[in-house]
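First the structure, in the form of structure tokens, and then the observations on it.
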Amino acid sequence: MENQATERTTGSDLQIFYSPAPNTPNPIDIVADHGLNGHPTKSWTHTTATRDSTLWLKDLLPTKLPGARVMTFGYEASVIGNTSVHGVRENAKKLLAAVRDRREDNDDDGRPIVFIVHSLGGILAKQALKLANSDGKRSGIAGSTKGIVFFGTPHRGADAAKWARLVLGIAATAFHQPQQKFLGVLETHSAGWMKISEDFRLLASKYAITSVYEQDAHPVLGTVKLSAVLGLPHEDDMIMDGNHSTMSSLEREIRALIVYGELLDAPQGDVAKVLGSRCLLLYLAASAIKNSNA
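Residue 396 in my numbering sits at position 229 of the sequence shown, with consecutive numbering throughout.
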């Protein structure tokens, strides 16, 4: 297994945590996308009281998925303009361009893709896939994407007022004590987030979807499962320890990283038995690889 140091792709906001050796079996691209006020590495890093840290995308995931190229997309997620519909759209374009350039450089157009996204990063990924599905130049990414793992992404609200409450609750967690002026502007952007999520529902059947929601009740929103799952027949959902800000920084032998070989070797109909009732990242990865080899 060829463990590369973190590498930033020239001219983009894409960093590579791990790149497998050439001809490693079961190639797949894992693309992570952080959330509101997040960071391309810190959002996925667990730090203990003794300051030991685990960046699970780099330190743990490659041991379970040796054929995976693991990447993270960074964008300025603390700027008000980047939470607007225009800001989300522009960052979605940057994400698509960065992934496309990396895949073209390595002649990897057919390599399956799984996105791992947190909070606002999920809205950005939804927008990116909408763009990819409607633009021939980006259609390769749309067709190669096999699954998405959403960590605490707002998916649905009964109306615009509910969406505004969702967005403000996330902001209160992400920024701790956000300025009232910032909250006012962010609230006006919530309608755009709602529209992006509604549009994505029309595409969702194309992808294996896992929605992870936090165990800790939110101080503003209370129980968050209803808003953090799409409610689709083919969707899996999973509860994760921690709150909205910490849920993506997993540690040790994560629940999402069970024995990879069991999934690859299991007949397609037996995958559910292997996983039990839990929706796990490796299910998406294994499904993507099986579909690409079919």
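In this text, a Cβ means the ideal position worked out from N, Cα and C, and glycines have one as well. Every value quoted in this text rests on a predicted model; they were computed, and no experiment measured them.
(message) Within a Cβ cutoff of 6 angstroms, which residues of the same chain sit near arginine 422, ignoring the five residues on either side of it in sequence?
(response) Residue confidence for arginine 422 is low, a pLDDT of 44 falling below 50, so the modelled location carries little weight; the figure read from the coordinates is stated next. Closer than 6 angstroms at Cβ, skipping near neighbours: no residue.
(request) Within the same chain, show all residues whose beta-carbon is closer than 7 angstroms to that of alanine 299, passing over the 5 residues directly before and after it, in chain order. (result) Leu263, Arg305, Ser306, Ile308, Ala309, listed in sequence order.
(request) Starting from the N-terminal side, write out each stretch of the alpha helix (DSSP H) that is 4 residues or longer and does not extend beyond the region 224 to 270. (result) For the alpha helix (DSSP H) assignment, the uninterrupted runs of no fewer than 4 residues enclosed by the region 224 to 270 are, from N- to C-terminal side, 228 to 231.
(message) Rounded to whole angstroms, what is the Cα-Cα separation between glutamine 182 and arginine 269?
(response) Whole-angstrom Cα-Cα distance: 10 angstroms.
(message) Can you tell me which residues form a DSSP beta bridge with histidine 285?
(response) Answer is Phe318.
(request) May I ask you to report which of helix, strand or coil DSSP gives aspartate 403? (result) Looking at aspartate 403 - three-state DSSP - the assignment turns out to be strand.
(request) Pick helix, strand or coil for aspartate 196, following the three-state DSSP scheme. (result) In this structure, aspartate 196 counts as strand in the three-state DSSP scheme.
(message) If you follow the beta strand (DSSP E) that alanine 375 is in, where does it begin and where does it stop?
(response) Counting along the chain, the unbroken beta strand (DSSP E) around alanine 375 starts and ends at 375 to 381.
(request) With a threshold of 16 other CB atoms inside 10 Å of the CB of glycine 288, please say whether the residue is buried or exposed. (result) Around the beta carbon of glycine 288, a 10 Å sphere encloses 16 or more other beta carbons of the protein chains shown; the residue is thus reported as buried.
(message) Assuming contact is defined by CB atoms lying nearer than 8 angstroms, are phenylalanine 318 and serine 415 in contact in what I supplied?
(response) Yes, the Cβ-Cβ distance between phenylalanine 318 and serine 415 is below 8 angstroms.
(request) Determine the DSSP secondary structure at leucine 369, reduced to helix, strand or coil. (result) In the displayed model, leucine 369 falls within coil according to three-state DSSP, outside both helix and strand.
(message) For serine 220, list the residues DSSP reports as bridge partners.
(response) Serine 220 pairs with Thr214.
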